[in-house]
Amino acid sequence: MKMEEKIAKGKKYIMNTYGRLPVVLEKGEGSWVYDTDGNKYLDFVAGIAVNSLGHNSEIVNKALREQSEKLIHCSNLYWIEPQIDLAELLCMAAGMDKAFFCNSGAEANEGAIKLARKWGNGRYEIISAIQSFHGRTMGALAATGQEKYQKSFIPVLTGFKYAVFNDLESIQAQISEKTCAIMLEPIQGEGGINEPSEDFFKGVKDLCKKHNLLLIIDEVQTGVGRTGKAFGFQNYDFQPDIITLAKGLGGGVPIGAMLAKDEVAEIFQPGDHASTFGGNPLVTNVALNVCQVIFCEDFLREVQEKGQYMREQLGKLKEQFLFPGKVKGKGLMVGLDYPKDAGEIVSKMLEKNILINAIGGKTLRFVPPLNVKYEEIDIVIKALEEVFREVSA
Ligand SMILES: Cc1ncc(COP(=O)(O)O)c(C=O)c1O
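Per the working numbering, the very first residue in the sequence shown carries number 478; after that it's consecutive.
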């Protein structure tokens with residue numbers, strides 16, 4: 478069956494919840510993917526910051542193979558060895574004490590919201606940021622400070638207030654006697670790769686101390702090496718009380734996690750929170766092996782250097798084509814503000830067999846596998862130059 482026919486069948490049987498590009502992906506190798514008609518693409522989307530070690534990674538495959546021959550799933554009524562080892566590794570890397578495992582970013586944030594509310598002991602309000610993104614389930618949606626995602630599903634969960642990201646006064650103004658937590662991404666992902674000023678999070682932490690609030694940091698997109706540090710918050714020298722993870726954590730297998738300091742984590746007791754699949758042996762064994770690679774100093778340094786290189790090249794294009802916006806991000810979470818329709822650039826790059834994506838119609842986002850090669854970055858830059866030239870002709 479040709480790709481076109483497969484897409485027609487997909488349109489018939491799959492709910493129309495995604496704006497999909499007309500490609501059926503079948504297999505991959507490193508930073509490259511192939512569609513079912515045999516076309517080859519350079520993948521700078523990587524499942525939106527998920528395939529951290531690239532496609533067909535032997536590290537992921539070996540961990541999957543070995544674990545699938547031992548035990549794929551068992552209940553959290555019993556102890557699970559790779560889950561224990563992964564919890565230790567994540568807690569050590571994040572300066573945290575305890576982990577809870579689940580299956581996605583939204584679910585990790587649901588866990589954080591519940592933990593903060595129980596810890597709040599009557600205080601229940603959570604302050605999150607305008608332009609934030611925390612997921613599509615009802616709690617995470619309420620935390621997401623973007624009306625466009627909420628408006629068809631009102632009433633959303635109550636108890637959320639929204640402040641301007643990177644604006645301490647705006648956050649302070651939302652604090653009341655009912656507030657229990659502040660919830661922020663270290664760098665806003667879906668909001669447009671928005672970075673905070675260097676001292677913003679220290680200021681937020683001070684506010685949390687002053688008002689006895691928890692600081693929840695959503696690391697779903699920034700976590701596990703994406704920004705060139707094990708976790709995005711480590712770019713800003715402060716310690717959160719709770720962090721949430723998913724996306725790149727499993728190198729492609731679906732896994733989410735919430736980490737917390739002991740004095741917060743101990744609030745949860747048996748029966749308070751659970752997930753049937755959360756932290757099962759298969760996914761935790763893969764995530765354990767992925768994180769063991771990513772958390773190495775040399776690996777993280779390379780992510781920083783490659784990201785820096787890519788931003789420098791994009792900076793040159795920005796000057797060449799006189800784009801007014803910014804080159805943004807840290808590590809291999811890279812954004813370029815585009816003054817016109819960023820979606821058009823995504824389509825034109827697809828015609829050149831390169832996958833990138835656009836956020837909010839005005840920022841081009843590049844989140845390749847963390848082990849992407851310099852030559853692959855060069856291919857993307859060259860194609861972008863051609864596309865910018867075409868559209869400005
Ligand atoms: C910062 C952040 N939090 C949460 C989510 C939701 O994650 P998931 O799609 O795994 O539920 C996302 C997804 O893009 C995200 O970027």
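For every residue, glycine included, the Cβ atom is placed at its ideal position computed from N, Cα and C. Quantities reported herein were computed from a predicted structural model and do not represent experimental measurements.
- At least one heavy atom of ligand 1 lies less than 7 Å from the C-beta of Lys724.
- Annotation: the continuous alpha helix (DSSP H) that includes Ser869 extends over 851–869.
- Counting only residues of its own chain and dropping the five nearest sequence neighbours on each side, Gly588 has a CB closer than 7 Å to the CB of Phe577, Cys579, Met735, His750.
- Fewer than three Cβ pairs drawn from the region 817–824 and the region 501–515 lie within less than 8 Å of each other, which leaves the two stretches out of contact.
- In terms of side-chain proximity, the C-beta atom of Ser581 is found nearer than 7 Å to a non-hydrogen atom of ligand 1.
- Going by C-alpha positions, Asp695 is about 12 Å away from Ala737.
- The closest CA to that of Phe630, considering only Ala640, Ala619, Tyr639, Phe637, is found on Ala619.
- Note on geometry: alpha-carbon atoms of Ser534 and Met569 lie some 25 Å from one another.
- DSSP, read as helix, strand or coil, puts Leu799 in coil.
- Placement of the Cβ of Ile525 at a distance of less than 7 Å from at least one heavy atom of ligand 1 is found.
- Distance from the Cα of Lys479 is smallest, within the candidate group Tyr495, Met615, Thr494, Glu503, for Glu503.
- In this structure Gly728 is in contact with Val767, their Cβ atoms being roughly 4 Å apart against a cut-off of 8 Å.
- Closest option to Ala640, judged by alpha-carbon separation, among Val633, Ile652, Pro632, Leu634: Ile652.
- Val500 is the residue among Tyr495, Thr494, Met492, Val500 whose C-alpha sits nearest the C-alpha of Lys483.
- In the DSSP assignment, His750 forms no beta bridge with any residue.
- Membership of Val633 in any alpha helix (DSSP H) is not indicated, and neither H nor E is assigned to it by DSSP.
- Per the coordinates, the alpha-carbon of Phe754 lies some 43 Å from the alpha-carbon of Lys817.
- With fewer than 16 other CB atoms across the displayed protein chains lying within 10 angstroms of its CB, Asn689 is exposed.
- Within the region 636–705, the complete alpha helix (DSSP H) segments at least 4 residues long are 645–651, 677–688, listed from N- to C-terminus.
- Rounded to whole angstroms, Phe642 and Trp596 show a C-alpha spacing of 24 Å.
- A contact is defined here as three or more CB-CB pairs under 8 Å, and the region 524–532 meets this definition with respect to the region 846–859.
- Between the region 792–805 and the region 861–870, the count of Cβ pairs shorter than 8 Å is three or higher; the stretches touch.
- For ligand 1, no non-hydrogen atom lies closer than 7 Å to the CB of Asn712.
- Restricted to the region 588–626, the beta strand (DSSP E) segments that are unbroken, complete and at least 3 residues in length are 602–606, listed in chain order.
- Taking 8 Å as the cut-off, the Cβ atoms of Ile549 and Pro758 count as close.
- The shortest C-alpha to C-alpha distance from Pro559 to any of Leu827, Asn762, Lys783, Met810 is the one to Asn762.
- Take the alpha-carbon of Ile604 and the one of Ile659: they are about 5 Å apart.
- The DSSP-derived three-state label of Phe710 is helix.
- In this structure Met573 is buried. Its beta-carbon is surrounded by 16 or more other beta-carbon atoms within 10 angstroms.
- Contact annotation, Val701 with Leu722: C-beta distance approximately 6 Å; criterion of less than 8 Å satisfied.
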